[in-house]
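Report on one structure; see the data block that follows.
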Amino acid sequence: MSPSSPRPDRRPNRVPFVAYYIEDMTSERRKPYPYDIIEPKWQQYWAAHETFRSRNPGEPGFDASKPKFFVLDMFPYPSGTGLHVGHPEGYTATDIVSRYKRMNGFNVLHPMGWDAFGLPAEQYAIKTNQHPRVTTEQNISHFRGQLERIGFDYDWSREVNTTDPGFVKWTQWIFRLLYDSWFDPTAQKARPISDYVAAHPEASRDEIDAVRLAYVAFAPVNWCPGLGTVLANEEVIDGRSEVGKFPVERRPMKQWMLRITAFAERLIDELAGLDWPESIKLSQRNWIGRSEGARVRFAVAQPAAGDAPAEDIEVFTTRPDTLFGASYMVLAPEHPLVDRVTTPEWREAVAAYRVGCASKSDLERTELAKEKTGVSTGAFAVNPVNAQRIPIWIADYVLMGYGTGAIMAVPAHDERDWEFATKFGLPITQVVAPFPPVAGGEAPCHLPPVECTAGDGYAVNSDFLNGLTTRDAKATITARLEERGLGAKTITYKLRDWLFSRQRYWGEPFPIIWRDGRHEAVPESELPVRLPELADFRPTGTPEPPLSKSLDWVRYSEGAVREVNTMPQWAGSSWYYLRYCDPRNSERFVAAEAESYWMTGSLPGQATAGPRPHAGVDLYVGGTEHAVLHLLYARFWHKVLFDRGCVSTPEPFQRLVNQGLILGENGQKMSKSLGNVVNPDDVINEFGADSLRLFEMFMGPLQDAKPWSTTGVQGVHRFLARAWRLIMEENAAGEWVLSAVVQDITPSPALRRAEHAAIKKVTADIEAMAFNTAISALMVLTNELTGASTRPVAVLQTLVVLVSPFAPHLAEELWSVLHGKFGRATGVDSASNLACRQEWPRHDESFLVEDEVEIVIQVAGKLKDKITVKKGLATSELERLALASPKVADAIAGRTPKKVVTVPDKLVNVVL
RNA sequence: GCCGCCAUGGCGAAAUGGCAGACGCAGCGGACUUAAAAUCCGCUUCCCAGAAAUGGGAGUACCGGUUCGAGUCCGGUUGGCGGCACCA
């Protein structure tokens, strides 16, 4: 706290006075109101007085009687280009909610921080040829300065930075927790690896390492030569890197993986209880890709030569009901049984095909997807239900990473199999018909079908399944397979494990060392593992990470070396929200009390059983681009932390709202090349931060995409100036002073009604996050007051308080002027003289009731007349008045009404 | 291809199944001013008639349905946006 600044709540009249003189009349343009003076003034005041500091339980000043509200923004990564007008959109929305909740008596946590590791930060550093730490620091101060100019109510004492060693320490600590955990399929939860060892005393070290949630795998991964690193599936779009749009190829490499797939079921099921947009839930469900089906075992027909018996081949299918129509089988080219089954005469062709597949990039595979390719292995499998010998092929349309890497092909009822069978002349058997078979049992048709029918229907040509619906046939065949041990009902997910290592410099080092070809965790006491100083931190262009260049750092001890990969950008953002609860703790990633309070509203031990009203972050606002990245990763980490007893809720973010994209003035997406980028600094310079905030909220619904409009900013700026002049006027010396028409008088009934209508509407609209219509309501009240010859302080104070979450600087200044002269004219006097500390007003319904209402009169649904009557008039009376109207009589033109519909106090409809 | 979302004036948008277009922008007219800017007041969905007050008609992408009554609910079509995409 600054010693030169008085405490606001002790000496309310000592708000620093700043005179704002009207500029010289000859200067180019006069400002409609002195935003350029009052905005910095109040920002400094709030900062000096720690007006928005949030206290943790146990801290002096913490008020346990208030409910908590945790409102979160998706923290930005501080790029070199500075803030974009898209950033303040979501940030203003949360700021309004945050200020509103404070005024409604909540302990609010509204923090901000920096997602400063990762590719964009590193690429910017490479471009400007500086160390990423230096550019990151510069970019952060630039971003922070820009955000401070907008007047958000962040508690800056809780600022976090993912690259700070004090933060990295705990990111590494959580990685260690993942490394130290396994997934118990029976309990469906993560448990300490020591439990696994206790339950499996005979387990080898390899077996133990194979069940960890963080594990090393040698597998084909997305290698991006342009970025010099591997990428997660979520970061690859149409065969190119999401960042930079470089081609990505598949390469088998040894990489760290996180076992997110173990949580697939919970990640889908627990979406149900979240208050998120359906579209985001759907994206996550689709990405996780749950499919119900069956695994079916096919025996391999023994070759005549009679070598060693080959193992059975297991396939996954969502259509076990079509098993009788399986006329061939396809293995993925990488399938381990390919070598075992291929007959000598096909070896060469198979080997050539496999080499061809391996060299194809993802991009090429996608482009070539139109034309199916494949080759026979010469081997045959036996269909378990009808003992039919079916040929085994390999083809790259079957993916090793999904299901079992092998399929039974049913060309009559699967588009892909149809295409393949048609091209290679493989047999096609129809086993599903669109209509039920005629009673009496006509002979089934054995002619090959002329087209593929993928939909449901009735089983045909399928022995004991004949006549059953697809649904019943699935159940019947699955039960039969299970009885005979030939298969089982199975659920398969599209989700793959999270590829977690990157060959880059600017990321968290893994807390891992290697000894004798085996990995082990760095002791907790040695965290954080800091990045080495490197003169050249650029990617090597090969899969060898840049950290390997720092030989001293790599060498951990005699015979032990450090892991040289770094973590992806998503690591820090997967838990940063938890750190806000207790950002300076050096003993724990977050203290249990702080975590429990801000995430559940109660302290550990106090928590009651059953559903909690405030489970997790109460409101999270951000863009849709993280639907399957950050939002999925953070849920995964949170569940591991929950299972391991480190956090109190199973889900991190209870309510999620997506803000829409702000487009350029031309309706196009803002981009440098189109020259339609709007810089918030320019807007603030010309119109002030309050105008920027107000316009971003007034443009349209928060969730919608909407184009920028400079004249629109002018419009809201004019509104703010009008609100200013309701209360302020220029004196002879050209200073802004309290207007003489502002008086401590009783408001007229009309003004009272307008005031309370505004309270009602603004309150409901903020609750619904309908900020554009809330602002309309503020404009309506302002327009109402503009017409009044004297202006009652009570109504003006209400207006100022209602405006304060939206335009806090203007409100604060006007409040200080009104409060200085009149005190608090309405309601209970507050302990504080700040607008942002006032109690949120409540509307009084009695001011809104009207004694007269306008009744709409329709004839055959068309508006014909309106009458004004006393409220609460009986239906029969309304009917009589309606029929008495000459216009109605005209419209009826002598006909007899069939019926008259009357809605009391609203409408009469005469039906002809 | 599959899944989802959206469609209202010149523009951004409002409308618990009950007066379509609140509020703002742009535009037009007026007041103030030597003038301009700023500000204030009024008009402003479209078409027809009228000097005007005003009157009449049409209208929420298109076709159909439910209802006394549909921008809103249901079915279909078209167009746009987003996600997934050989996932068996």
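This note's numbering numbers the first residue of the first sequence as 0 and each following residue consecutively.
Even for Gly, the Cβ is constructed at its ideal location relative to N, Cα and C.
The structure presented is a predicted model; accordingly, all values stated were derived computationally and were not measured.
Sorted by chain position, which residues of the same chain lie with C-beta nearer than 7 Å to residue i's C-beta, five sequence neighbours on each side aside?
i	result
ALA787	LEU750
TYR492	THR260, ALA263, ILE287, GLY288, ARG289
ARG52	ASP154, SER156
ASP850	LYS869, LYS870
ARG296	ASP311, GLU313, PRO383, LEU485, GLY486
Throw me the rounded Cβ distance for the residue i and residue j pair, which I believe falls under 8 Å.
i	j	result
VAL677	LEU693	Not quite, the Cβ-Cβ distance comes to about 15 Å (not below 8 Å), so this is no contact.
PRO77	TRP45	Not quite, the Cβ-Cβ distance comes to about 23 Å (not below 8 Å), so this is no contact.
PRO651	VAL616	6 Å
ASP192	ARG211	In the sequence as presented, Asp is not what sits at residue 192; that position holds Ile. That pair is a contact at about 6 Å.
GLU313	THR376	Their Cβ separation, rounded to whole angstroms, is 16 Å, which puts GLU313 and THR376 out of contact at 8 Å.
GLY621	ASN657	7 Å
GLU507	VAL167	5 Å
LEU374	ALA348	First, the amino acid is wrong: residue 374 is Val here, not Leu. Yes, VAL374 and ALA348 are in contact; Cβ-Cβ is about 5 Å, under 8 Å.
VAL96	LEU618	6 Å
VAL430	THR452	No, VAL430 and THR452 are not in contact; Cβ-Cβ is about 10 Å, not under 8 Å.
Which value, in whole angstroms, describes the spacing of the CA atoms of residue i and residue j?
i	j	result
GLU557	ARG529	20 Å
SER585	LEU108	20 Å
TYR555	ALA834	58 Å
ARG54	GLY60	7 Å
ASP764	ASN771	8 Å
THR161	SER738	50 Å
GLY272	LEU266	11 Å
ILE866	GLN742	37 Å
ALA331	PHE419	14 Å
THR477	GLY486	7 Å
LEU777	SER690	14 Å
HIS334	ASP416	18 Å
GLY516	LEU398	30 Å
VAL258	GLY292	For clarity, residue 258 is Arg in the given sequence; the question names Val instead. Taking the straight line joining both Cα atoms gives about 22 Å.
PRO164	PRO527	6 Å
LEU146	GLY819	30 Å
ASP703	HIS86	15 Å
ARG346	TYR576	55 Å
MET727	PRO567	54 Å
Just to confirm, are residue i and residue j a CB contact at a threshold of 9 Å?
i	j	result
VAL740	THR789	yes
LEU725	LEU640	no
THR709	GLY227	no
TRP222	GLU241	no
LYS905	VAL848	no
ILE393	VAL329	yes
GLN171	PHE536	no
ASP642	LYS30	no
ALA213	MET256	yes
ALA890	VAL910	no
PRO903	LEU880	no
PHE821	ILE774	no
GLY81	TYR123	no
Given residue i, which residues of its chain have a CB within under 6 Å of its CB, disregarding the five upstream and five downstream residues?
i	result
TYR632	TRP569, SER573
VAL900	ASN908
ILE37	HIS808, GLU812
TRP169	PHE588
SER928	Summary: the structure shown does not reach residue 928, with the chain confined to residues 0 through 911, and so no result is reported for it.
ASP338	none
PHE686	VAL712, HIS716
SER26	Per-residue confidence for SER26 stands at a pLDDT of 37, beneath the threshold of 50, marking its modelled position as unreliable; the derived number appears in the next sentence. Cβ neighbours of SER26 beyond the five flanking positions: none.
Tell me which same chain residues have a C-beta within less than 8 Å of the C-beta of residue i, skipping the five on either side of it?
i	result
LEU862	VAL855, ILE856
TRP41	GLY150, PRO807, HIS808, GLU811, GLU812
Three or more C-beta pairs below 8 Å linking the segment 503-510 and the segment 545-565: yes
Inter-stretch contact (C-beta, 8 Å, three-pair minimum) for the segment 182-197 and the segment 270-277: no
The segment 315-330 in contact with the segment 405-420 per 3-pair CB rule at 8 Å: yes
At least 3 beta-carbon pairs within less than 8 Å: the segment 119-130 vs the segment 589-596: no
contact_flag[the segment 57-75, the segment 665-674] where n(CB pairs < 8 Å) is 3 or more: In the pairwise beta carbon analysis, the segment 57-75 is classified as not touching the segment 665-674: fewer than three pairs are separated by under 8 Å.
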